Every structure is written in structure tokens, then in C-alpha cells.
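Residue numbers (my numbering): 7 to 510.
Input: a single structure, listed below in C-alpha cells.
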Amino acid sequence: MAKKFYLTTPLYYVNASPHIGHSYTTIAADCLARYMRPRIGKENVWLLTGTDEHGQKIQRAAEKEGLGAQEFADKTVVRFKSLWQELDISYDDFIRTTEPRHTNTVEKVLDILHEKGDIYEAKYQGWYCVPCETFWTDSQVSEKKCPDCLRPLEKISEANYFFKLSKYQDRLIRHIKANPDFIKPVIRYNEVLSFLELNKLTDLCISRPKERLEWGIELPFSPGHVTYVWFDALINYISAVGEFDNQGNYHSKWWPADLHLIGKDILRQHAIYWPIMLFALDIEPPKTIFAHGWWLINESKMSKSTGNVVSPLEISKKFGVETYRYFLLRDVAFGQDGNFSEEAIIKRFNSDLANDLGNLIYRTLTMAEKYFQGNIPAAKQTLETPQAKNIEEKIKSLDARVFDALGAESAVNFSQALEAIWELINIANKFIEDTKPWNLAKEKKTEELGDFILLLINTIKEVSGQLLPFMPKTAEAIKAQIRGDKVKKGKPLFPRIDIQNSNL
Numbered sequence: 007m008a009k010k011f012y013l014t015t016p017l018y019y020v021n022a023s024p025h026i027g028h029s030y031t032t033i034a035a036d037c038l039a040r041y042m043r044p045r046i047g048k049e050n051v052w053l054l055t056g057t058d059e060h061g062q063k064i065q066r067a068a069e070k071e072g073l074g075a076q077e078f079a080d081k082t083v084v085r086f087k088s089l090w091q092e093l094d095i096s097y098d099d100f101i102r103t104t105e106p107r108h109t110n111t112v113e114k115v116l117d118i119l120h121e122k123g124d125i126y127e128a129k130y131q132g133w134y135c136v137p138c139e140t141f142w143t144d145s146q147v148s149e150k151k152c153p154d155c156l157r158p159l160e161k162i163s164e165a166n167y168f169f170k171l172s173k174y175q176d177r178l179i180r181h182i183k184a185n186p187d188f189i190k191p192v193i194r195y196n197e198v199l200s201f202l203e204l205n206k207l208t209d210l211c212i213s214r215p216k217e218r219l220e221w222g223i224e225l226p227f228s229p230g231h232v233t234y235v236w237f238d239a240l241i242n243y244i245s246a247v248g249e250f251d252n253q254g255n256y257h258s259k260w261w262p263a264d265l266h267l268i269g270k271d272i273l274r275q276h277a278i279y280w281p282i283m284l285f286a287l288d289i290e291p292p293k294t295i296f297a298h299g300w301w302l303i304n305e306s307k308m309s310k311s312t313g314n315v316v317s318p319l320e321i322s323k324k325f326g327v328e329t330y331r332y333f334l335l336r337d338v339a340f341g342q343d344g345n346f347s348e349e350a351i352i353k354r355f356n357s358d359l360a361n362d363l364g365n366l367i368y369r370t371l372t373m374a375e376k377y378f379q380g381n382i383p384a385a386k387q388t389l390e391t392p393q394a395k396n397i398e399e400k401i402k403s404l405d406a407r408v409f410d411a412l413g414a415e416s417a418v419n420f421s422q423a424l425e426a427i428w429e430l431i432n433i434a435n436k437f438i439e440d441t442k443p444w445n446l447a448k449e450k451k452t453e454e455l456g457d458f459i460l461l462l463i464n465t466i467k468e469v470s471g472q473l474l475p476f477m478p479k480t481a482e483a484i485k486a487q488i489r490g491d492k493v494k495k496g497k498p499l500f501p502r503i504d505i506q507n508s509n510l
């Protein structure tokens, strides 16, 4: 296992409130960080998140509210920090692109690349999408609409500065081919590699004239320009954890990043722009970039324009934070698109959390209180049935199975890990049904009944430990019910949701 683990979320744009996509990436990152900390030491894990606060969208959103851009950003960033607290996100650092540590690093990067000749001035003529903060050529545009978001484009002609993406295209292709885990899942790997092999990269316009956009980091060699928001934002991954010396060499105990978690809509920026920027700076690229899928509503992507954006705060308040975290990480394989609905959450809640996990815990602790006065029975080695031995083996092997899904290098398979945990839960529930412990009690088979309950308690302990990264509060609640050699059954952890008699 790695000696250190540095993982990141994207920087979230503060032009609007956080939505389910933001929470999906961040909960996934939090789960991985929580999984790694007890395994390699808390001091060796670093989870970075933050906010992207420059660019035309921010400037226009601020103007619309009658605020200065910085004032608007200060106001909006609170929503993200409050949501992460609500969703129990254990980040180690939160970076804002308006912080001095970031702006200073961006200016240093610009200077290094300009002096190296990898940034040059030229005239730009073409199309620009304000919502996407993206330039498009005539050949890429149809009906004056953005190829990504389909909103109207603006025609622009202006002097700007460009970064030589094209210079490093062949090197990036070689790196991708030599490192099959560099871009995941494999569908995104193939997508990026195919694009690079079939297209010649155009150099990236990395500036905006101040007369059109004031809100950004000034180019140190051209005070009349500010930095393109994407070039600025990507640098956060190194500005947060290291610095350049006077010779232009970058130093950090955390770099390279072990994992960049992103949504698939920003794959091009992370898998093409970012590694090429790092090549130009003589910095090693990240080990893995994982682009997850989208949550859809009725097969359509969520967007403010269609009014189908889901508020993670509202959903977590309605169903509980632990349920929300579990649903996002269990319902769809990470990397694929999923359909979001409250009906789907309720189905998962009643089936997995109430019927399976909750029922196993409640029944087991009820039996421990009823038959052994709340004491955990001592082992008598009476259970020799294939079912009991199967459970014992599943308990022993569960940690390795979860490790294969989450702990192995570049492994990001939350649903696979949870399926392994639930397999043990379901086998244990069937064990209760098949054994009929109430008959053991009637027949005065006390030692066999004690071993039966002990095996179930050991199952619950193992399940609780493996659930900790996914559902930390649930794991704590289970631990509070089983302490030392005693159990203390409380109320059911997940009472079923009665849809007909519920206002949900």
C-alpha cells in the first residue's frame, strides 16, 4: 500500500449553489480518505477540495446581484463549506483561487512558462462560450451554439496569450500509453487517447483582456490581461501542497497526486490541459485521473436551465445524511451514469438499510438481551455447520475484498465494496432464518445459542468497521451498541419508510 495518499476533488465554481454532482464527487473523495487514514496513518492522507472563484461567469453573477466579485465569492463559498460540514466531509484543506498562496503560484507558473517560450502572444478570432468559459473555432461550431452546452456563443477578436499545448501532444500520448491507470475508467482512457491520436491540438488561449474581463489573476508580464479561469484553477492541485524555489523547481511532499476525482464533463481539461502544463513545468503528472458519470433526472442531465437540479442539502435533510451518502455510492457503479429519484432512495433505504442491516442488528441485540441479559456470550466452539463456517470465512475475507475495491492502486469501486459488505449481511440474516434460534432457546441448547449470537455479533462488528468510510455516523452508532462484553440495544437504526403514510 502507498506510503502517502493525496487525493483531490475539482474546484467548484461559485457562480451558483452546490448541487448533487458536487456532493457526489466530494462524498466519494471523503470515503476514500476515511478508508486510507487508518491504513497508512492519518498524517499520510491529504484530501483537498475548494472553490474556483475567477472568470466571467462569476463577474456577471456578481453584477447581477449588485455585488463586487470578491464579495460575491465570499458569500457563495460559505454554502459549499456549510454543505460539506452537513455531509460529514473530512477534508484536510480547502483552497480558494482568490487566496494569496494560489495567486502567487499561478503568477510563478506564468512567469516560468513565458520565460521558457511556452507562452506567446497572438491574435484570437473565434467563438466564446461564457457559461463554459471555452473558446471554439469555426469548424467546431454549428448554428452559433456551444458544442457542450448548446447555449449561444459570442464572436470575439482580440490579442491574447497562448500556451503551447501542441508542443507536448506526442509526449502526452506516450505517457497515456505507458500508464494504463492514468485515466479511468477505461472508456474515458480510450476517449482521450482516441481524440489525441485523431486530432491535432490547438494551442490554448490562457488570457482575457482586462477591458472585457477584470476578475482574474493578472499576467505578470502583461498587466492588461488576466488569466483564463481553467488555466488558473488547475494549478490549485500544486499551489495547495507545495511551492516553487527561485530556480523554478517545484517542491512538495504530497505531489504527485495519487488521485484526481472529477466529473466526466471536465475530462478534457484534466486529462489534456493539466498534464501538458505539468510537462512544461517539469513536474510529474498525477498518478490517476478518475472521471465519474452524471446523475440524471429521467435520463436527462441536471442543469439550472431545465430546472431539474437536485439540492443535496434538501435531500440529506429529508432522508438523512447517512442514507444520502450510502445511496450515491451504492446505487451506481462509479464511472457510470445513474438516474436519481426519491423513489430510488426510498427503495434502497427500505431494502438495504432497514430490512438488511437494521434488521440484522436489531434482531441480534434483541436476542443477546433476551437470552443473555445483554452480555456477549463467550465462545464454546459448538457451531460446526457449513453455514456457520461460511460466515466465519466471509468475516475473515471481507477486509481483503473491500481492499480490492478501494485500497488497491487506482481502485475506486464503491458499489463493489458495498456489495461485498451486504453479501455478509444477507448471509447472516439467512443464518437467523435457517437456524431458528428461538428453538435453540426452547431446547435449552444454551452453549449453541451463545455461539450463534456471538457469530452474529462478530459479523456486525466487522460490517461496522468496513462501513465506517461510507457511513461514519452509522458505524459510530453500531459501535455504541456493542461495547466490550455488553450490548445495549437502542431504537432501530433504520425504521422502514411507510410510503403510503409518509409525507415524503
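C-beta atoms are modelled at their ideal positions from N, C-alpha and C, and glycine is treated no differently.
In this text the structure is predicted, and so the values were computed from the model without any measurement.
In the DSSP assignment, Phe78 falls within the alpha helix (DSSP H) that extends over 75 to 92. In this structure the region 157 to 176 does not lie against the region 101 to 108, because fewer than three pairs of beta carbons, one per stretch, are closer than 8 Å. When C-alpha distances from Ala481 are compared across Val493, Glu468, Val232, Gly490, the shortest belongs to Glu468. Here DSSP, grouped into helix, strand and coil, assigns Pro318 to helix. By the neighbour-count criterion, in which a residue is buried when 16 or more other Cβ atoms sit within 10 angstroms of its Cβ, Pro24 is buried. Counting only runs of 3 or more residues that sit fully inside the region 186 to 216, the beta strand (DSSP E) segments are 213 to 215, in chain order. Between Leu13 and Ala35, the CB-CB gap stays under 7 Å. With a cutoff of 7 Å on beta-carbon distance, Ala263 and Tyr243 are scored as near each other. Looking at Cys211, Gly230, Pro226, the one whose alpha-carbon comes closest to that of Leu219 is Gly230.
Pairing Ile367 with Phe325 gives a Cβ-Cβ distance that is not under 7 Å.
Taking C-beta separations shorter than 8 Å and ignoring five residues to either side along the sequence, the partners of Lys206 in its chain run Ser172, Gln175, following chain order. Spanning the alpha carbons of Ala286 and Met477 requires a straight line of approximately 41 Å. Partner residues in the beta bridge of Ile268, as assigned by DSSP, are Ala297.
For a cut-off of 8 Å, the C-beta gap from Ile431 to Arg369 is around 12 Å, too long to register as a contact. Around the beta carbon of Gly72, fewer than 16 other beta carbons sit within 10 angstroms, so the residue counts as exposed. By the C-beta density criterion, Asp491 is exposed, having fewer than 16 other C-beta atoms within 10 angstroms. Note that the region 37 to 56 touches the region 92 to 100; at least 3 beta-carbon pairs, one per stretch, sit closer than 8 Å.
For Pro191, the closest of Gln379, Ala339, Asp288, Asn381 by C-alpha to C-alpha distance is Ala339.
For Asp58, the enclosing beta strand (DSSP E) stretches over residues 51 to 58.
In its chain, beyond the 5 residues on either side, Pro226 have a beta carbon closer than 6 Å to the beta carbon of Asp117.
One alpha carbon belongs to Trp52, the other to Lys9, and they sit about 12 Å apart. Ala426 carries a helical assignment under DSSP once its states are collapsed to helix, strand and coil. Going by DSSP, Glu454 is part of the alpha helix (DSSP H) stretching over 452 to 473. Cβ-Cβ separation between Thr140 and Asp124: approximately 21 Å, too far for a contact (criterion under 8 Å). Scanning its chain for C-beta atoms nearer than 7 Å, with the 5 sequence neighbours on each side dropped, one finds around Trp301 the residues Ile26, Gly27, Tyr30, Met308, Gly344, Phe346, in chain order.
Sequence-distant partners of Glu203 (beyond 5 residues in either direction) whose C-beta falls short of 8 Å from its own C-beta, in its chain, are Ile179. In the structure shown, the three-state DSSP call for Asn166 is strand.
For Asp99, there is no enclosing alpha helix (DSSP H); the residue is part of the beta strand (DSSP E) that begins and ends at 99 to 102.
For Leu156, the secondary structure class from DSSP, reduced to helix, strand or coil, is coil. Taking 7 Å as the cut-off, the beta carbon of Asn365 is found no closer than this to the beta carbon of Ile503. Each residue's CA atom was taken as its position, placing Thr329 and His120 some 50 Å apart. In the three-state reduction of the DSSP assignment, Thr370 falls in the helix class, which pools H, G and I. For Gln131, the enclosing beta strand (DSSP E) covers residues 125 to 135. Rounded to whole angstroms, Ala67 and Ala22 show a C-alpha spacing of 8 Å.
7 Å or more divides the Cβ of Tyr195 from the Cβ of Phe168. In this structure Ile295 touches Ile189 by the C-beta definition: roughly 5 Å separates them, less than 8 Å.
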